[in-house]
Structures are given as structure tokens and as C-alpha cells.
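Q: Residue numbers (the numbering used here), protein chains in the order written: chain A, 1 to 619; chain B, 620 to 889. Every residue, glycine too, gets a C-beta built ideally from N, C-alpha and C. Structure below; questions to follow.
Right, here's the structure in full:
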């Protein structure tokens, strides 16, 4: 009886522990070590990374013999092995289907994550507003779910039609996980439908706990689906569990747990949340703009704010996850890493800088506009221009290329392709410094926004503010010194060594400031009730820009992630000998991404419309 | 409905702006096509053409300059590697079996960790493990003949004696490929690609800058001049460039139809 009471009282914690344990098993997280040891393990794994698939997959003699009997090597294809369909370019078809599938999948995987959190907040605060918002979020994602499946089907059919031998090879290696994927997809669908259609039914008391648990289960199942699909993609980049000729050695876990699997997993989970937040933010923005009543405007303003909060919350750590992924790509294969950052794709990162600049500027701009909801904001508006200068300055550093585009005459007059002052801003230490400062500036915007309607009542407010100013100042100075010293006064090999202490500095400033702010504003007074809905329309366009930029950026980075495999289906193992094996130009890729974004946006608008008409009543 | 069109218009504007920047705001670069195995006629090969083959592999298929360049500083420069081989094979840190520059350079390509130049090892290995892959396998996959050609090229580059002997016959799988009938290029673009003109010249989609820019050469030079420039590159040296930079054996390598395709292409480039 005691056990039952205990379990009833702490059921949420027990459930969380169960899910966390499952995640640890899947991610293979080093939780048994101290945090420092965990970092060391990551570093060690980086250092011991195999330089190529040849070493990664180096089998024992016994393994080769077994593989020779059981599994054939990867097929060596010729142009004739790639069926052609008149009027349809196979690569373009696959590109669009895969990208659209990924956009929708990212959205439908992300929404349940923050719906679960919002529902839990609603339960904890007993505020019905949160529950209603969570329900509206999941409603939007429901239609997107079926669209995701449609594009997934198109992708699978496309692969079978245009790349049959390659698909057959992948399927022969991943047969277990592909079957598991199909079965888990059923579980995902069933859980989602019960979660959504049972929302009203499972309200109050224990039923609500059951509903929340379903949300957790939905997330666990959805994440597992993504992890499986990620393993197929990363196997193509960093094959493992096969011999040098591509013959499967029989260990299904080895092919899944390949070198780049976890870095991609981490990056995608965080990016999905940021992306889901931005798309839902666009939905709220559209509803805000078309609202007829002040109540609706207030509701959708609040919804947009929360969506933007989710997007920014995930956007801040995203560059770190991206950096970790890139470092792991270098660790796996320096050749692949240089192809990514120093070869033909180098200029792609200038386009990426423009998009990330658009993301950070629009996120900050939305927060600044949002200060109009509070009468206490006037105390802080004078600081916004300095934050704007920091964000734009950091963006310009990120945007500065190392090699300039010059005519011969300009080259001669400059004495080379590198500008005396701008050239040094083109290298990674400068970019790392800029992104850390951009993140801190955005966090400062958010802190000021949170403060603007509050008046602290603690006696140590002045000291607390001074501590925060000192923290930010020391943090920025440390980031600058680390970037300048390691970037320009040490050996090339150590040029990026500053990145980890820089990230630690940024995280320390964010965490400590949050702790000080939370304590300082505990029991604070409100200046006046927040005026939800009292934001200018232009703030909503910042939310649209956030969603469009995110979509475009994901498409662009998908191109480069796939592109660094160059003319290989599976790097070093299975060559792409199709007529489209060449790497397309950045311009062509940009046009593909733009076309995909337009298709995606058109379908999203259709989904929003469906969500709207579902609430309308007949006269 | 007005708001709807405003939102759609704004989103389209952002998408088009990103696309325009990607198309016109950055340099247009055509990624290199997938590498093709170069057909090598070992019987007709002179040491100069063998060195030239090594040059092409070093700057092309081998992807050596991706790391061994003066800009990135990720790998040591190889201009004088042949001259330094002696001191390296007698270094206490040397783990290989080579005794001379030929053996050392070859070994460096297939077993890069045999000797790691200080400061260029994998992070945390104290310069005992090289980040370089074995270039005879994987995506680079150089053949024995190609590896030896690179050795000859690097020996020549360092001003050392070229000790590599041109292989008289290729290993079994290469021999099979050589036995196949040589495919003569059908278009000027194929000729340019097959003979690696873009490595040094700005021509077609290439951006090479070691030789003269040929994108408008037809406006300044006659067909006779262009034909001679291919067959006998040192006959006339363009201002600002050094003699002996271009291989002088294209007359032996090219089919007559290929030569004429290339001459016509350049003459039409105005």
C-alpha cells in the first residue's frame, strides 16, 4: 500500500527517470562519469577517431571471412544501373522529397516536445491557458503529420525508382532497423491520435496524468524514429560495421552507432525544437494579424511570444551543437572536414551567416517590440541600441569572408586576396568570438524583456545588478581575449582551441545571470498588468522572417551535409556513378532550396487554413 | 485577405532575397567533376611526362593541396620534402622502413603516421598519429603508378634527382584498364577536362591562375599561334609567366582531332 502511495505521489518523477534511462541507453551518454570526465570522454573519442572508413570498419580476418559468406560487398555501379524516367531528374526528385519530408518531420517531432512541456506547466500552475495553447499547437501539427508520411512515401518510392541498387544495399544492411522503423511508426501514429483526440476526454485528476504520460511516450517514440532514420544518413557519411568493400559484418548496432550518429542526433533534436517553435510562431503571427477581437489578438500575441521563446531557447545552444558536429566531421575525416569548410562549400558559410544574422536579428527585434506590452519597459529601452550594435557587429564579423572576391587589378593593388584588416576576421576564431557575443547579446535582450514589467523588492538589488554587469563584462573580455590570443598568436593547430572555453564562458554567464535574476526578482512587484496584444504588426513579420529563414537555412545545410560525401553514396565504399554524381553549384542549390521552401510554405499555409476551418461552426 | 497576401508577399520577398544573394552575392564556383581514372601509356612515358602526371595527381585527383597549402596550415608544405627525407628517416621519432627520399615519400602517402612533422599530428597524440588518410585506399584511391608519379613530382619540385623508375607495367587491375581502347574526347570541354587544362588556366569552368587566362584568348591570338602554344609551349611565353611550366608532350598525348577541337574552342573564345 505504501509502495502504491509512493508511486502515486512521485509518478511523474518515476516516469521521467524511466524515460531518461531509456534515452541514456539509446544515446550512450556518459552519465556514470563526472561532467568533466564526460567531456574528456568526448575529447578522447574525438582524438581516437578513425581517419577513414577503412580503419573504422577494419575487420578481423575472421570477420571478413564471415562477411564474405553471409553478405556481399557494396555493388559497383555504372551509369546504366540508374533508371531514367523521361522528364524527371532523379536527383532533383529525391532532393525535394527528402527535404520536404525532413522539414515536416522536424516540425511534427518538435511540436510534441514543447506541447508536453507546456501541458506540464499548465498542470503545475493550474492555468487553463497553457493547456489550451498546448492543444492548439498539437492540432496544427496533426495535419502536418500525414503530410510528413506522404513525403516519406515519395522519398522511398523515389529511391526505389531512381537508385534501386543503392536502396537495396542500404536495406540489406539496415533491414532490422527498417522493419523496426515501420512498426514504431504505427506506435507513433496510435499514440499521437490518442494524445490528440483524447485531449478533452483525459482531463482532470489521474486522467490528466495519463494524458501527460502519453505525451512523454509520444516524444520517446518520435525521437526513436528520428534516431533510426539518422543512422541511415550518417552511415552514408561515416560507414561502420562493414568491411572496406562494404560487406556487412553482421552487427546491426555497429552500423547504427556509426561515428557521426550522435553528433547529428544532438544537432537535429535541438534544431527541430527551434524550428518547430518558429513555425508555430508564424502560425500565431498570422492569427494575430487576422484577429478581429482584442481578446484574440491578446491570445495569439501570447502564443507567438511563447513560440518565439521556444525558438530562441533552442537557437542559443544550436551553434554549439553545430560546432560539435563539425569538429566530429573533422575528427572522422580531415579531408571531409576541409571539403566542408575550406573547399568548394566555404562560401556557403557566408550565406549561412546571412541567414543566422536574419534569425538572430528577427528574434531580438521581436523581443524589443514585445517590450511595448509593459509600461516599465522605458527603463530599459535606452540599452537596446547597444545590444543592436553588438548583434549587428557580430553578424558583420561572421559575414566577413577570408578570401575576397576581387578583380585582377584589385588583387594587385591589395597585394593578395586577403585584406589587411578584414582578412583576419575571416578565420574561425573570429567567427567563434562573434557568435558567442551574438548569443550573449540575444540573451541580454531576453533578460531585459523579462525584467521590464517587474520591480525587484530585495535589498541587494544594486549589488545584484552590479554582479550581473561584472559577469557580462568579464565574460565578453574573456571571450575576446581567448579568440584573439588563440586565433592570432598561436600555431594553426591551436587556432580553434579557444572554442570550448569560449562556449563555457558563454554558458557560465547565461546560467549565473539567470540564477541571480531569478533570486533578485523573486517576490517582485508588477509595474502594471502586461498588455498582451499591444505589439505592433511589424513584430509579427519578425516571426515570419524567423520561420522562413529557419526553413531556408535547414535546406541549405541539408545540401552541404549531403554534398560533403561528394561522388559517393556511402563514403569510400559505394561510389555514385549516376549522371548526377557531380556536386551542384551553390546557386543551383539555393534555387532548389528556395523552390522547396515555397512548396513547404504553401503546404503549411494550407495546414493552417485547415486548422482554422476545423474550429468554424456552420451558421 | 489583404493580410494574407501581405504575409505571402513578405515571405516570398525573404526567400527571393536569400536566393539572389546566393546566386549573385558570392563568387560563382563550379565544383570539380568526380575524378576519372587517367589512362596512362607507360610504354610512351618519358620522365618529364611522368613528373607532369604526378603534378596533375598532386593538384587534382590526389586532393593533396586541400591540406598541403600555404593558406590553411593544416599540413606541412612539400616543396622540399625530398631534400628533408634524409634527416627524417634518421630521426628518433621515425617508425617506418624507408632509407631514401623515394621510399620516404611513398611511405608517407600509404602510411602517414610513420613520421609526423612536429605540430601536424592529431590533437592529443603528441605528433605520433597523422590525420592524413592512406591515399592508396578510400575515396582518393591512388594506384601504384600514380603514387610513384607523385614521388617523382615531389623529388623534381625539391630540385633533387628523380630516382623513381617509370613502372614498365601496371599491376593486374590497372593493366586491364590500359588494355582497353583509348577513348578520344568528342568535345572541347572533354579535352580540357581530360588533359587538366583548368589546373593552370582560366578556361571553360576552370579557375586556374598558374598560366595565362584563356577565356578571351581567341580575340588576341590566331589559330596557328594557339596550336603552336599547345605543341611547343616554350615557343612564346606570355608576359608575367615563366617558361617550362607547361608540359611539352601534349603533341604526343593528344589525338589530332582533340588538338583541333581545343584550338577551335580557344579561337572561338572572344
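1) Is there a C-beta anywhere in chain A that falls below 8 Å from the one on residue 712 of chain B?
2) Report buried or exposed for residue 374 of chain A, applying the criterion of at least 16 other Cβ atoms within 10 angstroms of its Cβ.
3) Does the separation of the CB atoms of residue 588 of chain A and residue 510 of chain A fall below 8 Å?
4) For chain A, is any of its Cβ atoms less than 8 Å away from the one on residue 685 of chain B?
5) Check the Cβ of residue 257 of chain A against every Cβ in chain B and list those closer than 7 Å, keeping chain order.
6) Do the CB positions of residue 448 of chain A and residue 380 of chain A come within less than 8 Å of each other?
7) To be precise: take each residue of the region 637–658 of chain B, compare its Cβ to all Cβ atoms of chain A, and keep it if any distance is under 7 Å. Which residues remain?
8) Once DSSP output is grouped into helix, strand and coil, what is the label at residue 267 of chain A?
9) Just tell me which of A:110, A:279, A:84 has its CA closest to the CA of residue 550 of chain A.
10) I need the straight-line Cα distance from residue 328 of chain A to residue 523 of chain A, nearest angstrom please.
11) For residue 738 of chain B and residue 748 of chain B, I'd like the C-alpha separation in whole angstroms.
12) Count Cβ pairs between the region 234–250 of chain A and the region 105–113 of chain A that sit closer than 8 Å; are there 3 or more?
13) On a CA-only basis, which of A:592, A:607, A:611, A:603 is nearest residue 91 of chain A? Give me that one, please.
14) Apart from the five residues just before and just after residue 525 of chain A, which ones in its own chain have a Cβ nearer than 8 Å to its Cβ?
15) If I follow the unbroken beta strand (DSSP E) through residue 642 of chain A, where does it start and stop?
16) At a Cβ threshold of 8 Å, is residue 837 of chain B touching chain A?
17) In chain order, what residues of the same chain have a beta carbon less than 7 Å from the beta carbon of residue 815 of chain B, not counting five sequence neighbours either side?
18) Could you please tell me which residues of the region 742–766 of chain B, in chain order, have their CB closer than 9 Å to any CB of chain A?
19) Which residues share a DSSP beta bridge with residue 612 of chain A?
20) Using the C-alpha atoms, what's the distance from residue 534 of chain A back to residue 297 of chain A?
21) Among B:768, B:754, B:706, B:702, which has the Cα closest to the Cα of residue 682 of chain B?
22) Residues in its own chain within less than 7 Å of residue 792 of chain B by CB, not counting five upstream and five downstream?
23) Tell me whether residue 557 of chain A is buried or exposed, calling it buried when 16 or more other Cβ atoms sit within 10 Å of its Cβ.
24) Determine the closest residue to residue 166 of chain A out of A:116, A:82, A:211, A:187, with distance taken between C-alpha atoms.
25) Hey, would you say residue 590 of chain A sits closer than 8 Å to residue 633 of chain B, going by beta carbons?
26) Whole alpha helix (DSSP H) runs in the region 663–718 of chain B with 4 or more residues, listed along the chain?
27) Smallest Cα separation from residue 541 of chain A: which of A:462, A:358, A:331?
28) Only counting the same chain, and skipping five residues up and downstream in sequence, which positions put a Cβ closer than 7 Å to that of residue 693 of chain B?
29) Considering only the alpha carbon of each residue, which of A:162, A:124, A:499, A:102 lies closest to residue 87 of chain A?
30) Give the residues from the region 102–127 of chain A that approach chain B closer than 7 Å (Cβ to any Cβ), ordered along the chain.
31) Label residue 206 of chain A either buried or exposed according to how many other C-beta atoms from any shown protein chain fall within 10 Å of its C-beta, with 16 as the threshold for buried.
32) Would you mind reading off the limits of the alpha helix (DSSP H) that contains residue 253 of chain A?
33) Using a Cβ-Cβ cut-off of less than 7 Å, give me the residues of the region 583–598 of chain A that come near chain B, in sequence order.
34) Under the DSSP definition of a beta bridge, which residues are partnered with residue 526 of chain A?
35) Is it true that the CB of residue 316 of chain A sits closer than 8 Å to the CB of residue 476 of chain A?
36) Check whether the Cβ of residue 94 of chain A lies closer than 8 Å to any Cβ atom in chain B.
A: According to the structure shown:
1) no
2) buried
3) No; because the gap between Cβ atoms is not below 8 Å, this pair is not in contact.
4) yes
5) Chain B residues near residue 257 of chain A: none, gap ~21 Å exceeds 7 Å.
6) yes
7) 637, 638, 640, 641, 642, 645, 646, 647, 648, 649, 650, 652, 653
8) helix
9) A:279
10) 45 Å
11) 11 Å
12) No: fewer than three Cβ pairs fall under 8 Å.
13) A:592
14) 454, 455, 457
15) Past the boundaries of the shown model lies residue 642 of chain A; chain A is included only from 1 to 619, so the question cannot be answered.
16) no
17) 675, 679
18) Of all residues in the region 742–766 of chain B, only 742, 743, 744, 748, 749, 750, 751, 752, 753, 756, 757, 758, 759, 760 place a beta-carbon less than 9 Å from a beta-carbon of chain A.
19) In the DSSP assignment, residue 612 of chain A forms no beta bridge with any residue.
20) 8 Å
21) B:754
22) Unreliable placement is indicated for residue 792 of chain B, whose pLDDT of 49 sits below 50; no coordinate value is reported for it.
23) buried
24) A:82
25) Their beta carbons are not under 8 Å apart, which means residue 590 of chain A does not touch residue 633 of chain B by this criterion.
26) 666–678, 700–708
27) Ranked by Cα distance from residue 541 of chain A, the options A:462, A:358, A:331 are led by A:358.
28) 686
29) That would be A:162, whose Cα lies nearest to the Cα of residue 87 of chain A.
30) none
31) exposed
32) 252–256
33) 583, 585, 586, 587, 590, 591, 594, 597, 598
34) A:454
35) no
36) no
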